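Protein sequences, first through last, are from chains X and D. When we follow my numbering, the leftmost residue of the first sequence carries the number 781, and every step to the right adds one. When we follow my numbering, the leftmost residue of the second sequence carries the number 2, and every step to the right adds one. Backbone N, C-alpha and C fix where the C-beta goes; we use that ideal spot for every residue, glycine too. Owing to the predicted nature of the structure, the values given are computational and were not obtained by experimental measurement.
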Amino acid sequence: MDKVISVSFGEVALKGQNRYFFENKLVRNIKNIARGMGETKVYKEQSKIYIEAEEEYKEELIKRLRRIFGIVNISPSYRIEKDIDEIKKHSLKLLEEVRSKRGIKTFKVDVNRADKRFQPNSVELAKEVGAYILSNSEGFTVDVHNPEAYIYIDIRTNCYIYTEKIKAFGGLPVGTNGKGLLLLSGGIDSPVAGFMIAKRGVEISAVHYHSYPFTSERAEEKVKALAEILTNYCGKIKLFSVNLLNIQKEINEKCPEDEMTIISRRFMMKIAEKIAMKEEIDALITGESLGQVASQTIKGINVTNSSVKLPVLRPLIGMDKVEITEISKEIGTFETSILPFEDCCTVFLPKHPVTRPKLEDIEESEKALDNEKLVEDAIDKMEVYEIRP
Amino acid sequence: MKVYLDNSSTTRPRDEVIDEVCHMLKVQYGNPSSLHRMGLEVEKRIESSRKTIADFLKCDKDEIFFTSGGTESNNIAVQGIINKNIRRGNHIITTKFEHSSVLSIAKHYESKGLKVTYLDLDEYGMINLEQLEDSINEGTILVAIMMVNNEIGSILPINDINEVIKSKNKNTKIHVDGIQAFSKLDIDLRKLNIDTFSFSSHKVHGPKGVGGLYVKKDVILEPIIYGGNQERGIRSGTENVPGIIGFGKAVDILKEKYKKEAEDIKRVKDYFVKKIIDNIEDVKVNSLLDDRCAPHILNVSFIGVRGEVLLHYLEDNGVYVSTASACSSHGKGKSHVLKSIGLKDEEIEGAIRFSFSHYNTLEEIDYAAQTLEQSVKDIRRITMR
């Protein structure tokens, strides 16, 4: 008998022809997070992935596995021979282990037979194992509807038995669904937006706007810290840091005050699109949520959106602040997000921003600016950081 | 050019100090509590630092205790006095513009039922002696007050304060936070006749992580740190030897130079203030410009400019200053000191603290003043419409 960690993935297995591509990506992502965790071996066996690892690293390994998108469940398992007596013996042993931990009485045996040549079939095997446990122990009863513990038996090339399914985030392996450029501010929303799109398999890069010296260098450090937390889920992130101050100054001088925010946002989008083109990135990602602030009304979003051709993914668009905050706490970005440093949006905040801007008006105002040049200059001066987990 | 004008936050250690610190780390690394010769040699050096500092403050060597810094000294003294005397009374007095280390202790004990009076300040950062006198009662066990305010530099008349206290209740102890006063003012602890006095090394060109506390001979503190009874039980824990020896060296140099250096600093500051007043409109100088203010601190509000933005503009040009004191800038909200002297919101918002040292040259000051003028102009052009 050996102890292994088994990993199951839901959606990935359903992807037909692409299945191997997805699975191989997942294996690579698992190998990446297992680096530095002692001797490990990762292998596939009939649409499950198994990890042999040293006992002392297992807890940390499971913690990291939970952050890999594409994984649905994680189970510490016994790998044993495909032999009925072995299965019975270890099933009982495992159940006793569970009882000593949390004092259970009822159980159910759940068999999954990927190897159909193996006899007896699933139903019979479950019955036999159940009967063996009942007659070789005291105090257990079977409950098929509401058991306190499950004995899962997977018959594959080997046989795996386990009692626990630790839930992970699901989704698709990062790197299987193109690239997105996240507009990452220091707030609560944008890291969550990045997390949600990464969960759909998208590789994430990020762009951050600041207004130094109107904003603090510590604000940029905070954004780097947020990106670093995100790397736990989506691997390394290329972070572009762009100073928006010159553009804001120009807008401030030449455009109506109440349009400051919306025109700035359009510039952020245009700069992001330009970076995306250069980096062969297919979409922009923002943390906008409908109605949250003045620039995030439908009309506002319409005007912002019209500044670019690339699709803009807005995974939080229909979510409330409370829901977003919950996710940010779960993924660990909340504490960093609420550190009190100014971001560039608050520097030139107009007293009464337009909430129902008209595209024609905004475009008319923008005529006062040398848009192309401003975007080019900002990109020329931007800094690029590689953020690694 | 790099111009460091944040000397109330911390100072550049002198080269001689750095050499001593390195020597203690490289050569004399013994533990002063060890019985062997290496320990004994280090112990002797610590005692010699203690002597240097005691001489400088004009007190006995036995009255000086080494700590990890100003905050710890304030904690050991204030908590030590409260805990020792709590049976005799349950009232203490402090001011509204104390350093956060003292205010936090006061707030903490207040939440546990101790009565605390927070004295008001006038626009110059001075307390009203009558209010002090009225506040003292039978149960007043401690008055904790600073000698020099860290944000605006006002000097409190400790002598007069102490007279008022002792004439009203001779059992009331007085703790003086001397962290910004140390090495900038003449201090004679024998004449001052106060109970405890805290000071810090890194504010006077010594290393960080070391400070001191004067405790008058007959005053007993209940320790807040327990352990191996180092520093005669007042501050257990292996001594920060390189720090203490470096501190000793810093004070050794000060002994000769502090008067002249303080005068030089004052001259540099006056030169700078004149430049500001002559060249920049809409400013309010929040520090007094006479001898009721410490020589090294200058607080100025630039109306219509956010202090933090100005700070980053200056830093971008190599000039380093503070908004509120470095310690409270981690907390949210506005400076409690500037609020306490009655500044308006926009004056608090636009306030910058410049603090000088003898390292600052007139050439540096010219550059800083010029940079300041330009930055204020730029910011105002951008933000005022």
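Assuming histidine 990(X) and leucine 1019(X) form a contact by the criterion Cβ under 8 Å, report the distance between their Cβ atoms to the nearest whole angstrom.
Between leucine 1019(X) and histidine 990(X) the Cβ distance is about 12 Å, and since that is not below 8 Å, they are no contact.
To the nearest angstrom, report how far apart glycine 1112(X) and arginine 844(X) are at their CA atoms.
Using only the alpha carbons, I get a separation of about 13 Å.
Closer than 6 Å by C-beta to lysine 285(D): which residues in its own chain qualify, once you throw out the five before and the five after it? Chain order, please.
Here the set comprises Ser302 and Glu348.
Which ranges would you report for the alpha helix (DSSP H) in the region 151 to 216 of chain D if only whole runs of at least 4 residues count?
Listed in chain order, the complete alpha helix (DSSP H) runs (minimum 4 residues) inside the region 151 to 216 of chain D are 159 to 169 and 190 to 193.
Can you say whether glycine 308(D) is buried or exposed, counting buried as having 16 or more other CB atoms within 10 angstroms of its CB?
Answer is buried; the Cβ neighbour count reaches 16.
Name, in chain order, the residues that DSSP records as bridge partners for lysine 116(D).
Paired residues: His92(D).
Please list, in chain order, the residues of the region 952 to 963 of chain X that have any C-beta partner in chain D closer than 9 Å.
The residues in question: there are none.
Could you confirm whether any beta carbon from chain D is found closer than 8 Å to the beta carbon of serine 996(X)?
Yes, serine 996(X) counts as interfacial toward chain D.
Considering cysteine 60(D), what are the terminal residues of the beta strand (DSSP E) in which it resides?
Where cysteine 60(D) is concerned, there is no enclosing beta strand (DSSP E), given that its DSSP letter is neither H nor E.
For arginine 382(D), which residues of its own chain have a beta-carbon under 8 Å away from its beta-carbon, when the five flanking residues on both sides are left out?
Contacts found: none.
Which two residues bound the contiguous beta strand (DSSP E) that contains methionine 147(D)?
Unbroken beta strand (DSSP E) run through methionine 147(D): 141 to 147.
Under DSSP, the beta strand (DSSP E) around phenylalanine 355(D) begins and ends at which residues?
Unbroken beta strand (DSSP E) run through phenylalanine 355(D): 352 to 356.
What separation, rounded to the nearest whole angstrom, lies between the Cα atoms of aspartate 253(D) and glutamate 240(D)?
Whole-angstrom Cα-Cα distance: 20 Å.
So, for glycine 955(X): in the same chain, excluding its five sequence neighbours on each side, which residues have a beta-carbon less than 6 Å away from its beta-carbon?
These residues qualify, in order along the chain: Lys805 and Glu983.
Cutting at 6 Å between CB atoms, please list the residues of its own chain near isoleucine 281(D), excluding the five before and the five after it.
So the qualifying residues of the chain are Glu374 and Val377.
Once DSSP output is grouped into helix, strand and coil, what is the label at arginine 293(D)?
Coil at arginine 293(D), not helix or strand.
Along the chain, where does the alpha helix (DSSP H) containing serine 1108(X) start, and where does it finish?
Element bounds for serine 1108(X): 1101 to 1111.
From the DSSP secondary-structure annotation, give me the bridge partner or partners of arginine 893(X).
Arginine 893(X) pairs with Ile935(X).
Anyone know if the C-beta pair for leucine 115(D) and isoleucine 137(D) falls short of 8 Å?
Result no, Cβ atoms of leucine 115(D) and isoleucine 137(D) do not sit closer than 8 Å.
Kindly list, in the order they appear in chain D, the residues whose Cβ is closer than 9 Å to that of tyrosine 992(X).
Residues of chain D passing the Cβ test: His313 and Asp317.
By a C-beta neighbour count over all protein chains shown, 10 Å radius and 16 as the cutoff for buried, is alanine 973(X) buried or exposed?
Buried, by the Cβ-count rule.
Tell me the residue span of the alpha helix (DSSP H) that contains glutamate 274(D).
Contrary to the premise, residue 274(D) reads as valine rather than glutamate in this sequence. Residues 242 to 280.
Quick one: is glutamate 309(D) near chain X, going by C-beta distance under 8 Å?
Taking Cβ atoms only, chain X reaches closer than 8 Å to glutamate 309(D), which makes this a yes.
Tell me whether the beta-carbon of alanine 55(D) lies closer than 8 Å to the beta-carbon of leucine 214(D).
No, the Cβ-Cβ distance between alanine 55(D) and leucine 214(D) is not below 8 Å.
Determine whether the beta carbon atoms of isoleucine 1061(X) and lysine 979(X) lie at a separation below 8 Å.
Taking 8 Å as the Cβ cut-off, isoleucine 1061(X) and lysine 979(X) do not qualify as a contacting pair.
With DSSP run on the structure shown, which of helix, strand or coil describes histidine 100(D)?
Looking at histidine 100(D) - three-state DSSP - the assignment turns out to be coil, as it is neither helix nor strand.
Pull up the DSSP beta-bridge partners for serine 985(X), would you.
Bridge partners of serine 985(X): Leu961(X).
Would threonine 943(X) and glutamate 825(X) be called neighbours here (beta carbons separated by less than 8 Å)?
Contact: no.
What residues of chain D sit near lysine 1131(X), judged by a beta carbon separation below 7 Å?
What lysine 1131(X) touches in chain D: nothing, since even the nearest Cβ is about 11 Å away.
Using a C-beta to C-beta distance shorter than 8 Å, which residues of chain D count as neighbours of lysine 1029(X)?
Chain D residues near lysine 1029(X): Ile383.
Which residue comes first and which comes last in the alpha helix (DSSP H) that contains asparagine 1023(X)?
Not the alpha helix (DSSP H): asparagine 1023(X) falls in the beta strand (DSSP E), residues 1017 to 1023.
Out of Glu839(X), Phe1128(X) and Ser996(X), which one is the CA nearest neighbour of isoleucine 1043(X)?
The candidate whose alpha carbon is nearest that of isoleucine 1043(X) is Phe1128(X).
Excluding the 5 residues preceding and the 5 following threonine 163(D) in the sequence, name in chain order all residues of the same chain whose CB lies nearer than 8 Å to its CB.
Note on residue identity: the sequence assigns asparagine, not threonine, to residue 163(D). So the list reads Ile175, Leu193, Asn194 and Ile195, once near-sequence residues are dropped.
Which same chain residues, not among the five before or five after lysine 1079(X), have their C-beta less than 7 Å away from its C-beta?
Cβ neighbours of lysine 1079(X) beyond the five flanking positions: Arg1136 and Pro1137.
Only counting runs of 4 or more residues, tell me where the alpha helix (DSSP H) segments fall wholly within the region 810 to 863 of chain X, in order along the chain.
Counting whole runs of 4 or more residues, the region 810 to 863 of chain X contains the alpha helix (DSSP H) stretches 838 to 845.
How is the beta strand (DSSP E) around threonine 68(D) delimited, first residue to last?
Start and end: 65 to 68.
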